[in-house]
Every structure is written in structure tokens, then in C-alpha cells.
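Trainee: Here the UniProt record's numbering is used: the first residue of the sequence shown is 1, the next is one more, and so on.
The structure follows.
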Amino acid sequence: FEATRKLLRSHPDIKVVAVTVCEEDPFPTRLLQAGAAGYLTKGAGLNEMVQAIRLVFAGQRYISPQIAQQLAIKSFQPTNDSPFDALSEREIQIALMIVGCQKVQIISDKLCLSPKTVNTYRYRIFEKLSITSDV
Numbered sequence: 001f002e003a004t005r006k007l008l009r010s011h012p013d014i015k016v017v018a019v020t021v022c023e024e025d026p027f028p029t030r031l032l033q034a035g036a037a038g039y040l041t042k043g044a045g046l047n048e049m050v051q052a053i054r055l056v057f058a059g060q061r062y063i064s065p066q067i068a069q070q071l072a073i074k075s076f077q078p079t080n081d082s083p084f085d086a087l088s089e090r091e092i093q094i095a096l097m098i099v100g101c102q103k104v105q106i107i108s109d110k111l112c113l114s115p116k117t118v119n120t121y122r123y124r125i126f127e128k129l130s131i132t133s134d135v
């Protein structure tokens with residue numbers, strides 16, 4: 001998601017069409033919110049890819065039919081928003097590392113961040129998820 005945002009910030013005229021194996025929400029929603037103009041599943045055929053590129057080039061959006069159906073159905077369901085939906089991509093990445101029992105110093109080394117920055121992310125994750133204890 002962040003790569004799409006950065007690319008579009010630095011080159012606003014570019015159109016992003018994602019081809020991915022990630023079919024389950026929140027991936028399609030987040031990528032489209034990040035500015036992608038198209039979303040194809042990896043199983044899309046050549047004709048569908050060409051159609052998507054042509055539509056996006058013409059200024060329209062394209063979403064694979066199965067993804068579009070999934071998003072449409074979701075829009076009619078009562079919202080049981082997960083608190084994890086509030087986390088940024090980086091916060092999810094750090095949360096997974098914390099859950100994997102990795103120490104702050106290890107996380108900071110792997111992500112090229114200062115330990116203080118990792119602790120700030122940790123604090124925000126705990127706050128967003130209403131976690132009150134490390135245990």
C-alpha cells in the first residue's frame with residue numbers, strides 16, 4: 001500500500017494496476033484506497049489484463065469480477081470493523097514481529113528504525129487495540 005502511495009505521490013500521472021494473489025479484504029480495499037486504479041487477481045487471463053489496462057488508461061477503474069462481487073457483498077453487511085483495520089501497514093508489520101516475541105532492538109535492526117521509533121509504534125498499536133499489558 002505504501003509503495004503505491006509513494007509512487008503516486010512522486011508521479012501523480014501514473015496509473016497503478018495491481019496483479020496479486022491477495023483476494024481477501026482488507027487488501028483490495030486498502031490498495032484501492034491507496035490510489036490503485038485497477039485490481040486484478042493472479043488468475044486473470046490475458047484478455048482480462050488487456051481490458052483492465054485499456055480501461056485504466058482511458059481514465060476508468062477496473063476491479064476483477066470476483067473482487068468486485070466480494071466488495072459489493074461486504075458493503076451490504078453490517079460493519080463489525082476489526083480494530084486491526086485501524087493499523088497502518090507498518091504498524092501491522094511491527095505488531096506481527098512483537099507477537100513473534102521479537103525484542104525491540106531486533107525489530108529496529110531489521111526495519112532500520114531507532115528503538116525509540118519502534119517503541120512509539122508499539123505504544124500506538126497498544127493504544128489502537130486497547131491493549132493494557134505486555135503479557
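Glycine residues also receive a C-beta, built at the ideal position from the N, C-alpha and C atoms.
Between the beta-carbon of Val21 and the beta-carbon of Lys42, is there less than 7 angstroms?
Mentor: Their beta carbons are under 7 angstroms apart, which means Val21 touches Lys42 by this criterion.
Trainee: Which one of Pro115, Arg122, Asp85 and Val104 has the shortest CA to CA distance from Arg30?
Mentor: Considering only alpha carbons, the answer is Asp85.
Trainee: Kindly indicate which residue of Ile14, Ala95, Asn119 and Gln105 has the alpha-carbon position closest to the one of Ile53.
Mentor: Nearest of Ile14, Ala95, Asn119 and Gln105 to Ile53, Cα basis: Ile14.
Trainee: Identify which residue in Ser10, Thr117, Glu24 and Ile125 has its Cα closest to the Cα of Gln70.
Mentor: Answer by Cα proximity: Glu24.
Trainee: Measuring straight from C-alpha to C-alpha, what distance separates Asn119 and Ser82?
Mentor: Each residue's alpha carbon lies about 23 angstroms from the other.
Trainee: Starting from Ala95, trace the alpha helix (DSSP H) in both directions and tell me its first and last residue.
Mentor: Start and end: Glu89 to Val99.
Trainee: Under the DSSP definition of a beta bridge, which residues are partnered with Leu40?
Mentor: The partner list for Leu40 (beta bridge, DSSP) reads Val19.
Trainee: Secondary structure at Ile73, three-state DSSP: helix, strand or coil?
Mentor: Note: Ile73 maps to helix in three-state DSSP.
Trainee: Which residues in the same chain have their Cβ closer than 7 angstroms to the Cβ of Ile67, if we skip the five residues on either side of it in sequence?
Mentor: If we look at Ile67 and ignore the five residues flanking it on each side, its Cβ neighbours are Glu23, Pro28, Tyr39 and Thr41.
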